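Each residue of the first sequence is one higher than the one before, counting from 803 in the working numbering.
Heads up, the beta-carbon is just placed ideally off N, CA and C, and yes, glycines get one too.
Small disclaimer: the values here were computed from a predicted structure and weren't measured.
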Amino acid sequence: HVLLIRAAFIRKNAAGIYSMLPLGWRTLRKIEAIVRQEMDAAGAQEVRLPIVVPAEPWKQTGRWETYGDLMFKVTDRHGREMGLGPTHEEVVTPLVAQEFGSYRDLPVNLYQIEWKYRDEFRPRFGLLRGREFLMKDAYSFDRDEDGMRSSYDVMMDAYRTIHDRCGLDYRVVEADPGQIGGGVNHEFIAVADVGEDWFLYCPSCDYAADVEAAAVVAPDAGRSTADHEPLTEVDTPGASTIEAVSQFLGRPAEEMLKTMLFDAGGRTVAVLIRGDREVNVEKVGRALWPVPAELMDEQTVAKRGYAMGFVGPQVMGEDVTVLADHSVRGGSNWVTGANRVDAHVTGANEGRDFRIDRWEDLSQAREGDPCPNGDGTLVQSRGIVASHTYQLGPRYSKALGSTFLDEDGSQRHYEMGCYGIGLTRIVAAAAEQHHDDAGLMWPKAIAPYEVVVVPTNMDQPAVVEAAERIYEQLLARGCEALLDDRDDRAGVKLNDADLIGAPVQIVIGKRGIESGQADLKARATGERSQAPLGDAAGAALRLLSAAP
RNA sequence: CGGGACGUAGCGCAGCUUGGUAGCGCGCAGCGUUCGGGACGCUGAGGUCGCGGGUUCAAAUCCCGCCGUCCCGACCA
């Protein structure tokens, strides 16, 4: 981000809102061209949907509320509510229903490359999380689930090609569907230490998943014993956290049973998990779907008659649903809350002291967990989510009442998929992955210029003429070249060439004119070479084709 | 939304404690020297001190309000 500003690719206008300067715009346009080519090749058709959209369809799908303040909302002069599009399921679905009303028209895949607006509560790191960002969004419409899955696979292939062509080091991970909803979905995460998203991957197979979505299979079975101790209450003054109780009683966190209370549409849900584990609230939400689940705050806990920090499962009546994470399986003689402030119990046992209604995977995955696919051990890494694909099914077509006429004369809801690529994020991710202390090192496919020609002695006509000649030769051969004809001294221009990061530099100076040689440098490797002035353009192009 | 900090020239900052004629570096313009890895000298231009109100003979400085920006947090019983 710092380099993108220093190298004059972008300038900030407001929090999370940026102007694209000539260099940044060129890079963005090149990414756009790659995306457009691959989408077209995959059979998608480009459209342009409005940015300013009426509120009604958003209210129909419920997202006017669930998106909440994340959506920029405006009111027009007639008092009509509008929004700035953060994504376009609500716009494209009714449009498709209008235009493609027959099963004979399907499948259809429409995409656009357009600016998106999300009023992020905390914009960060420049282009990484902006409030205005360029996104390619595609929407597939199929007759049935098989069709949707095959449209999805076509998009996944196109996405791999796009991310490869942009020179990103990335992983395809199973992800959490978040606000958009739906089932199967994948993120394309560019590996980067500054990334906001953590993911886990298996070194011995191709499993990779977002930390929020990663499955946790049978995390260490716990310690089972047939020898059930009596249920005994002990005072634990002030010890309301697992850590504090563990310390107070001198028992490891693995022997604690953590009980968390959720509200699911008015009903109390108790979630049990082993003390050394964290609950993944997204998983709880999925387990209780479609009832919306929310972690109770302290007031709600108190209102329902429990003591925050000292909750145990012993007193849960029939009106409470008790979910248990697999980490609780096989455990016995638990230490858990006594349902009284400043007290816990020891020797709590399933069956005798409490019941469990359902077993679920509710645990937050972490490094060191076993791979769900085999015998590997998961490793954690972080990155930037460049793209996200979803199999939506009929979720939006149902909410919006969008149907087509099937062969048998019935009205059916479209099986949808949606596919997003953050183009501005790809700029940020590529800059993050390809730079050194001196500046940026763009992969040639998305570099603002492929070759920079630097005459170092602007007071020498022979130098300037040679540089211009080589520059013209490059242009004539279809190369995107930049001539640095500023009157600045050599050091400034060479450093700037490094900073903006074109893959190949040609340096022409007084000494070179005398010896008939041009100096070339490959930015990524730093490798320098020489070529006769007459062949400098050709040599640069050969260097370029060898560059990453 | 909660906590913290900041807002003075295009950029980065000092000055504010203890009120009294607006300062530094970089950049910019002119002249000269220098010039193949961020040169140097001299001269010069450039500021409603975020906005509004208050205290005072006098406010960048003290007080109140607002706006903007950045950082941390916003799920762990």
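Asked	Found
Measuring alpha carbon to alpha carbon, tell me which residue in 1043, 1340, 974 and 1241 is nearest residue 1010.	974
Along the chain, where does the alpha helix (DSSP H) that runs through residue 1229 open and close?	1225 to 1235
Tell me which residues share the same chain as residue 1345 and place their Cβ nearer than 7 Å to its Cβ, disregarding the 5 neighbours each side in the sequence.	1306, 1322 and 1324
Using a 10 Å radius around the Cβ and a threshold of 16 neighbouring Cβ atoms, would you call residue 860 buried or exposed?	buried
Would you give the residue range spanned by the beta strand (DSSP E) that residue 1136 belongs to?	1136 to 1142
State whether the stretch 887 to 904 contacts the stretch 849 to 860, with contact taken as three or more CB pairs (one from each stretch) at a distance under 8 Å.	yes
Helix, strand or coil for residue 1050, going by three-state DSSP, please let me know.	helix
Identify the continuous beta strand (DSSP E) that holds residue 1329 and give its terminal residues.	That residue, residue 1329, is in no beta strand (DSSP E); it is neither H nor E in DSSP.
Our contact map puts residue 813 next to residue 823 with C-beta atoms below 8 Å; I'd like the distance itself, whole angstroms only.	6 Å
Can you give me the start and stop residues for the beta strand (DSSP E) that residue 911 sits inside?	910 to 919
Distance check for residue 904 and residue 1210, CA to CA, integer angstroms please.	11 Å
Return the residue from the list 1187, 936, 937 and 1149 that minimises the CA-CA distance to residue 1134.	1149
Can you tell which of 1200, 1180, 1184 and 1239 has its C-alpha closest to the C-alpha of residue 1006?	1180
Locate the alpha helix (DSSP H) running through residue 1275, then write down its first and last residues.	1263 to 1278
Give me whichever residues DSSP pairs with residue 1182 in a beta bridge.	1002
Counting along the chain, where does the beta strand (DSSP E) carrying residue 1320 start and finish?	1319 to 1324
When the Cβ atoms of the stretch 1181 to 1194 are set against those of the stretch 981 to 1000, are three or more pairs found closer than 8 Å?	yes
Assuming residue 1251 and residue 1284 make a contact with CB atoms under 8 Å, what is their CB distance in whole Å?	4 Å
Please determine, among 1264, 1046 and 1241, the residue with the shortest C-alpha to C-alpha distance to residue 807.	1241
Which parts of the stretch 808 to 877 are runs of the beta strand (DSSP E), unbroken and 3 residues or longer, counting only runs that do not cross its ends?	812 to 816, 819 to 822, 854 to 856 and 875 to 877
Drop a sphere of 10 angstroms on the beta-carbon of residue 1147, count the other beta-carbons inside from all chains shown, and report buried for 16 or more, exposed for fewer.	buried
Between which two residues does the alpha helix (DSSP H) carrying residue 1240 extend?	Residue 1240 -> no alpha helix (DSSP H), and no H or E assigned at all.
If I measure Cβ to Cβ from residue 878 and keep anything under 8 Å in the same chain, skipping five residues before and after, which residues do I get?	884
Which residues does DSSP list as the beta-bridge partners of residue 1151?	Residue 1151 is not bridged to any residue.
Would you please state the rounded distance, in angstroms, between the beta carbons of residue 1042 and residue 1156? I believe it to be under 8 Å.	The Cβ separation is near 20 Å, so there is no contact.
So for residue 1316, helix, strand or coil by DSSP?	helix
Could you tell me if residue 819 is buried or exposed, where buried requires 16 or more neighbouring beta carbons within 10 angstroms of its beta carbon?	exposed
Throw me the rounded Cβ distance for the residue 1072 and residue 1122 pair, which I believe falls under 8 Å.	6 Å
Under 9 Å between the Cβ atoms of residue 1342 and residue 1265?	no
Between the alpha carbons of residue 1238 and residue 930, how many angstroms are there, rounded?	19 Å
In terms of residues, what are the limits of the beta strand (DSSP E) holding residue 1254?	1253 to 1257
Give the straight-line distance between the Cα atoms of residue 1183 and residue 1034, rounded to the nearest whole angstrom.	43 Å
Quick one, are the C-beta atoms of residue 1075 and residue 1016 less than 9 Å apart?	no
Can you name, in chain order, every residue of its own chain whose Cβ lies under 7 Å from the Cβ of residue 1277, other than the five neighbours on each side?	1283
Would DSSP call residue 1014 helix, strand or coil?	coil
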